[in-house]
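The opening residue of the sequence shown carries number 15 in this note's numbering; numbering runs sequentially from there.
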Amino acid sequence: MSRAAVLAGLGAVVPPREITNQMLSERLDTTDAWIRTRTGILKRHAVEPGGATSDLAVAAGEKALKSAGLATVDLVVLATATPDHPLPGTAPAVAARLGLGHIPAFDVAAVCAGFVYALSVGAGAIAARTAETVLVIGAEAFTSILNPQDRGTAILFGDGAGAVVLRADEDDEPGALAGFDLGSDGSLAELISIPGGGSRQRSGGLPPDQDDSWFTMQGREVFTQAVTHMSRSTKAVLEKVGWPVATVDRIVGHQANVRILHSVSELLGIDKERAVVHLDQVGNTSAASIPLALAAAAERGELLAGHRVALTAFGGGLAWGSAALVWPELATG
Ligand code: COA
């Protein structure tokens with residue numbers, strides 16, 4: 015037996031304001047039927063004007079700590095593509111608002127793959143004995159970076175946050191993170207980007223153009239890349255931990271499009287009934303997507319203690335990542 019990071023707490027939140035497909039079809043050239051059939055999304059949530067990622071991260075973090083029965087942790091890792099400000103990182107503010115004291119806290123920027131990356135960083139800190147307990151959060155106010163005129167992205171994304179607590183224990187404990195597979199392909203960075211606002215543009219001395227600061231995505235190409243890398247990466251992590259594909263009880267994929275989730279299941283040979291689907295309720299919430307799906311699936315009784323679970327995510331970077339764990343008994347927050 016050896017030391018491992020074990021899932022000990024889980025919590026998730028979405029802001030109360032709902033944006034339905036019908037509401038979008040009133041201001042964009044789209045329809046409820048198109049969004050529903052091409053993506054599987056029925057609605058998404060958005061922060062109120064003036065709301066920010068840290069508000070959601072704090073609320074999810076509180077729930078995860080409560081679920082773990084802990085008042086504090088040794089480290090906070092926050093995955094987000096929509097920090098409250100370009101700098102500083104949002105994690106220190108979240109740690110302070112949670113009353114966690116002067117602990118290390120930092121952001122991980124891996125867009126929709128961010129939560130799995132942050133999870134691996136948290137597990138790594140436990141393996142290296144720099145932490146006994148870690149709060150890993152995925153949180154996004156993604157609607158704040160969407161061009162309201164772009165039907166290709168405005169229909170897809172929503173806001174939310176999910177968090178887990180990891181604690182050090184033995185690797186045969188339920189909840190132990192058994193393995194990771196991570197990867198990236200920066201040669202395709204332009205498929206998902208915010209072109210403006212960074213050093214490349216600013217060093218040129220040109221005033222930023224309003225349109226450069228919106229999120230952009232080449233949807234069709236991203237779809238293909240997502241299916242390829244999520245299925246390959248899941249296969250890789252399952253091989254690493256020695257689990258035959260047929261023994262996987264649940265696959266919790268990044269919630270971007272139900273057709274992506276079903277294609278990934280099909281390529282892997284996993285019955286699509288085993289793929290957790292939560293995007294119908296929240297859309298694509300980027301780094302918050304997987305912990306929100308975990309919390310929803312746990313609440314619906316789709317994740318049971320002892321289940322073999324594969325997580326797989328993909329997004330801008332390009333970046334992707336997968337993880338494997340046996341689901342533990344958990345009080346959900
Ligand atoms: N409403 C109505 N019609 C739309 C539309 C919308 N919101 N968006 C696109 N269309 C139209 C297109 O103009 C096109 O029309 P045409 O055939 O007359 O040219 C048609 O629908 C098909 O467009 P296409 O882009 O091929 O659609 P799609 O089936 O690929 O679906 C996405 C588009 C964005 C939903 C899909 O590509 C997708 O989910 N991509 C991946 C997103 C993702 O994985 N993100 C994760 C990483 S962050």
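Glycine included, each C-beta is placed from N, C-alpha and C at the ideal position.
Residue 181 - DSSP class collapsed to helix/strand/coil:
strand
So for residue 174, helix, strand or coil by DSSP?
strand
By Cβ distance, which residues of its chain are closer than 7 Å to residue 3, with the 5 residues on each side in sequence left out?
Summary: the structure shown does not reach residue 3, with the chain confined to residues 15 through 347, and so no result is reported for it.
Taking the straight line between their C-alpha atoms, what separation do you get for residue 322 and residue 255?
11 Å
Could you round the C-beta distance between residue 104 and residue 134 to whole angstroms and report it? I think they count as a contact, below 8 Å.
With 8 Å as the limit, residue 104 and residue 134 do not qualify as a contact, their Cβ atoms being about 19 Å apart.
Could you give the C-beta distance for residue 291 and residue 272, rounded to a whole number, given that I count them as a contact under 8 Å?
6 Å
Taking the alpha carbon of residue 242 as the reference point, which residue from 340, 37, 276 and 113 has its own alpha carbon closest?
276
Residues near residue 303 in its chain [Cβ-Cβ closer than 6 Å; skip 5 each side]:
268 and 269
Any heavy atom of the ligand COA closer than 7 Å to the Cβ of residue 117?
Residue 117 Cβ: outside cutoff for every heavy atom of the ligand COA.
What do you get for residue 279, buried or exposed, if any count of 16 or more other CB atoms within 10 angstroms of its CB means buried?
buried
Please confirm whether any heavy atom of the ligand COA lies closer than 7 Å to the CB of residue 122.
Flag unset: Cβ of residue 122 not near the ligand COA.
By the three-class DSSP mapping on this structure, what secondary structure does residue 343 have?
coil
Once DSSP output is grouped into helix, strand and coil, what is the label at residue 164?
coil
Can you give me the start and stop residues for the beta strand (DSSP E) that residue 130 sits inside?
For residue 130, there is no enclosing beta strand (DSSP E); the residue is part of the alpha helix (DSSP H) that begins and ends at 128-141.
Report the residue from 62, 129, 274 and 154 whose alpha carbon sits nearest the alpha carbon of residue 194.
129
Selection from 301, 309 and 259 that minimises the alpha carbon distance to residue 285:
259
Starting from the Cα of residue 52, find the closest Cα among 341, 234, 40 and 207 and give me that residue.
234
Using C-beta distances below 6 Å, list every residue in its chain close to residue 175, excluding the 5 sequence neighbours before and after it, in chain order.
Here residue 175 has 27, 70, 71, 74, 153 and 302 as same chain residues with Cβ atoms under 6 Å from its own Cβ, once five neighbours each way along the sequence are excluded.
So, under 8 Å CB-CB, residue 55 and residue 293 are touching, yes? Tell me the CB distance rounded to an integer number of Å.
In this structure residue 55 touches residue 293 by the C-beta definition: roughly 6 Å separates them, less than 8 Å.
Does the beta-carbon distance from residue 334 to residue 127 come in below 8 Å?
Closer than 8 Å, so yes.
Length at least 3, wholly inside the segment 273-342: the beta strand (DSSP E) runs in chain order:
322-329 and 333-340
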